[in-house]
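Reading through the structure tokens given below for one structure.
Residue numbers (our numbering): 183 to 779.
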């Protein structure tokens with residue numbers, strides 16, 4: 183009976199199903215608006231506040247293990263993967279076949295269209311069942327006997343096919359269990375880890391079920407930031423934009439000079455802030471070095487190395503401050519040469535910051551290892567040091583990111599670095615049987631981050647006395663995808679439509695706030711990273727009559743390219759005049775507010 187059924191199926195079948203998809207890790211995004219999105223390879227863009235559902239395809243995992251470890255049961259692995267794929271396809275196709283059979287069952291309503299639908303539906307199910315039946319008749323008498331048994335006395339075609347898939351599911355589960363046992367006996371273990379790549383630092387993050395790392399603090403990036411209008415940071419920027427407007431209107435400066443001055447000024451401000459923070463580490467480091475506590479003896483060399491690293495970073499900061507501290511000297515020369523030189527210095531600063539942060543982490547880890555044996559006073563000093571170290575490290579990372587971010591994005595775009603990732607002793611080692619098949623990663627638990635940060639997920643395999651092998655990797659880019667509000671301090675150039683104003687030139691420079699509505703895209707890095715179109719409201723402090731008494735302007739603004747290009751139309755209520763304007767986000771590229779996380 184089975185061989186006759188197989189013959190009929192082969193006549194119906196036009197192939198043996200779809201190709202098996204590549205990749206061990208399958209990712210799905212759940213955003214805060216309850217949307218669900220498959221994360222395709224090559225795009226890998228998700229909202230910064232989403233939860234990522236990670237699934238491990240054990241069939242694909244076994245196939246990859248067979249490629250790296252020749253002694254594995256390769257033929258059985260291939261069979262398991264094929265049958266599991268055919269079962270999924272068959273069960274997905276069965277409902278459509280049942281509906282097509284019902285539609286064809288009434289002779290009075292049969293049409294050529296229904297006939298074609300029935301043939302297509304049966305063909306899909308047959309294509310899925312054929313490889314299973316071939317395997318049963320040629321290689322598995324047990325499965326063949328089970329299918330024959332289940333097919334007895336079944337009244338419908340749908341039930342018959344369902345019986346084939348059910349029997350195959352039991353068979354392949356047992357076969358997969360045997361394969362996993364043989365893989366485990368060879369000593370093959372599996373590890374999966376996740377890392378956040380942000381501000382030049384790569385940090386391990388907790389992946390439930392795969393490590394013993396602590397869960398990160400909850401940090402949701404706000405979507406509606408109207409309170410930013412009243413922040414001290416934006417007030418300071420507005421005051422700076424107002425001064426820049428005065429300088430431009432009085433012809434003391436040009437827009438080009440603002441570009442050339444802002445980057446060096448921002449670098450010097452950042453270095454001074456970092457220098458002040460790092461100097462506060464000197465006293466606790468000296469105290470710990472000189473403490474008589476015996477538990478600290480083994481850490482004295484690490485303390486000394488940290489002190490030297492701090493001093494080196496401060497010295498390098500002094501060199502750069504001397505180089506760029508005189509704005510008039512720093513801004514001499516053409517803009518491309520200034521950007522090139524400054525970029526090289528920022529890259530050097532980034533490398534030194536990474537080295538310093540690594541030294542901080544090593545010392546913190548060493549202190550934690552002996553914390554329980556330290557005297558109370560010494561422990562208090564070490565706690566104070568750790569708090570201050572964290573503050574300095576975060577400040578330095580933020581400054582380096584801010585200073586280099588805009589130029590790097592314009593030239594190269596952002597890249598997610600994953601070259602030096604290592605599995606720590608907190609990453610669990612699983613055999614294939616105990617390896618969880620799914621886990622959830624809440625991006626709000628990944629710590630301090632902003633648009634452009636990256637998340638890297640890796641799954642690897644190893645054997646005793648053998649190097650670990652990377653099996654699969656996914657890299658996600660985090661952006662604000664869902665609709666959100668952004669506030670930008672802008673320097674606008676307004677052209678009054680009313681004649682007879684007190685302006686001596688066609689355009690007047692003025693400081694303003696732009697409250698912008700934005701939305702990201704899951705399929706475009708260019709859109710999220712650089713283009714960033716927006717529409718919103720512009721609130722400007724104008725002075726059309728040049729009497730130094732500020733006038734209120736309100737307008738509609740369109741923005742693009744990270745808000746560095748704005749155009750809009752507004753109305754000056756005090757001067758009773760409409761105006762066109764173009765705007766430039768303030769500060770100009772590269773001079774992002776110091777200390778902004």
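Glycine included, every Cβ here is placed at the ideal spot set by N, Cα and C.
(Q) Is the separation between the beta-carbon of residue 406 and that of residue 667 shorter than 8 Å? (A) Within the chain shown, the letter at position 224 stands for residue 406. Within the chain shown, the letter at position 485 stands for residue 667. Contact flag set, yes.
Q: Assign residue 259 to one of two classes, buried (16 or more other C-beta atoms within 10 Å of its C-beta) or exposed (fewer than that).
A: Translated into positions along the chain shown, residue 259 becomes position 77. So residue 259 counts as buried.
Q | Proximity of residue 262 and residue 354 at Cβ, strictly below 8 Å | A | Here residue 262 is taken as the residue at index 80 of the chain shown, counted from 1. Here residue 354 is taken as the residue at index 172 of the chain shown, counted from 1. Judged by beta-carbon spacing, residue 354 lies within the 8 Å limit of residue 262, meaning their Cβ atoms are closer than that value.
Q) Does DSSP classify residue 349 as helix, strand or coil? A) Against the chain shown, residue 349 aligns to sequence position 167. In the structure shown, residue 349 sits in a helix (DSSP, three-state: H, G or I).
Q | Enclosing alpha helix (DSSP H) for residue 700 [first to last residue] | A | Position 518 of the chain shown holds residue 700. Looking at the DSSP string, residue 700 is not in any alpha helix (DSSP H); the run it does join, the beta strand (DSSP E), is 690–700.
Q: Can you tell me which of 755, 618 and 328 puts its alpha carbon nearest to the alpha carbon of residue 346?
A: Taking the chain shown and counting its residues from 1, the one referred to as residue 346 is at position 164. Of the candidates 755, 618 and 328, the one whose C-alpha sits nearest the C-alpha of residue 346 is 328.
Q) Can you give the Cα-Cα distance for residue 326 and residue 253, rounded to whole angstroms? A) Counted from its first residue, the chain shown places residue 326 at position 144. Counted from its first residue, the chain shown places residue 253 at position 71. Spanning the two alpha carbons is a distance of roughly 29 Å.
Q | Closest residue to residue 542 among 767, 383, 739 and 321 (Cα-Cα distance) | A | Within the chain shown, residue 542 is the residue found at index 360, counting from 1. The residue with the shortest Cα to Cα distance from residue 542 is 383.
Q: State buried or exposed for residue 628, treating a residue as buried only when at least 16 other CB atoms are found within 10 Å of its CB.
A: Mapped onto the chain shown, residue 628 falls at position 446. Burial call: buried.
Q) At which residues does the beta strand (DSSP E) containing residue 718 begin and terminate? A) Walking along the chain shown from the start, residue 718 turns up at place 536. Element bounds for residue 718: 716–724.
Q) From this set, 315, 715, 296 and 220, which residue's C-alpha is nearest residue 265's C-alpha? A) Reading the chain shown from its first residue, position 83 is the one you call residue 265. With distances taken between Cα atoms, residue 265 lies closest to 315.
Q.
Measuring only the C-alpha atoms, how far is residue 566 from residue 549?
A. Against the chain shown, residue 566 aligns to sequence position 384. Against the chain shown, residue 549 aligns to sequence position 367. Going by the C-alpha atoms only, they are around 12 Å apart.
(Q) Let's test the definition: count the other Cβ atoms within 10 Å of the Cβ of residue 699 and tell me whether it reaches 16, buried, or not, exposed. (A) One-based indexing of the chain shown puts residue 699 at position 517. By the 16-neighbour rule on beta-carbons within 10 angstroms, residue 699 is exposed.
Q: Determine the DSSP secondary structure at residue 433, reduced to helix, strand or coil.
A: Looking up residue 433 in the chain shown gives position 251. Coil.
**Q.** Reference residue 718; option with closest CA among 712, 765, 730 and 608
**A.** What you label residue 718 is simply residue 536 of the chain shown in a count that begins at 1. With distances taken between Cα atoms, residue 718 lies closest to 765.
Q) What separation, rounded to the nearest whole angstrom, lies between the Cα atoms of residue 269 and residue 544? A) Position 87 of the chain shown, counted from the first residue, corresponds to residue 269. Position 362 of the chain shown, counted from the first residue, corresponds to residue 544. So the alpha carbons of these two residues sit roughly 51 Å apart.
Q.
Ignoring anything shorter than 4 residues, give me the alpha helix (DSSP H) runs that lie fully in the segment 450–481, in order along the chain.
A. 464–472
Q.
For residue 644 and residue 251, which I take to be in contact (beta-carbon distance under 8 Å), what is that distance rounded to the nearest angstrom?
A. For this step, residue 644 is matched to residue 462 along the chain shown. For this step, residue 251 is matched to residue 69 along the chain shown. That pair is no contact at about 10 Å.
**Q.** Distance between residue 688 and residue 759 (C-alpha atoms, nearest Å)
**A.** Working through the chain shown from its first residue, we reach residue 759 at position 577. Working through the chain shown from its first residue, we reach residue 688 at position 506. Going from the Cα of residue 759 to the Cα of residue 688 covers about 14 Å.
Q) By the 10 Å Cβ neighbour count, where 16 or more other Cβ atoms means buried, how is residue 745 classified, buried or exposed? A) Within the chain shown, the letter at position 563 stands for residue 745. Label assigned to residue 745: buried.
Q. Per DSSP, which one or two residues make a beta bridge with residue 666?
A. Residue mapping note: residue 666 aligns to position 484 of the chain shown, counting from 1. Note: residue 666 sits in a beta bridge opposite 700.
Q) If you drop the 5 nearest sequence neighbours on each side, which residues of the same chain put their C-beta closer than 7 Å to that of residue 349? A) One-based indexing of the chain shown puts residue 349 at position 167. If we look at residue 349 and ignore the five residues flanking it on each side, its Cβ neighbours are 325, 328, 329 and 332.
Q. Apart from the five residues just before and just after residue 511, which ones in its own chain have a Cβ nearer than 6 Å to its Cβ?
A. Residue numbering aside, residue 511 sits at position 329 when the chain shown is read from its first letter. Confidence is the limiting factor: at residue 511 the pLDDT is only 42, short of 50, which leaves the residue's position unreliable, though a coordinate-based value still follows. Excluding positions up to five away in sequence, the list is empty.
**Q.** Nearest-angstrom Cα separation, counted from residue 728 out to residue 677
**A.** Taking the chain shown and counting its residues from 1, the one referred to as residue 677 is at position 495. Taking the chain shown and counting its residues from 1, the one referred to as residue 728 is at position 546. Whole-angstrom Cα-Cα distance: 14 Å.
Q.
Using a Cβ distance threshold of 8 Å, determine whether the segment 639–653 contacts the segment 364–378, with at least three qualifying pairs required.
A. yes
Q. Helix, strand or coil: how does DSSP classify residue 764 here?
A. Reading the chain shown from its first residue, position 582 is the one you call residue 764. Residue 764 falls in the strand class under three-state DSSP.
Q | Inter-residue Cα distance where the pair is residue 341 and residue 309 | A | Position 159 of the chain shown holds residue 341. Position 127 of the chain shown holds residue 309. If I take the Cα positions, the gap works out to 16 Å.
Q: Within the same chain, show all residues whose beta-carbon is closer than 6 Å to that of residue 364, passing over the 5 residues directly before and after it, in chain order.
A: As a position in the chain shown, residue 364 is number 182, starting the count at 1. Answer for residue 364: 255, listed in chain order.
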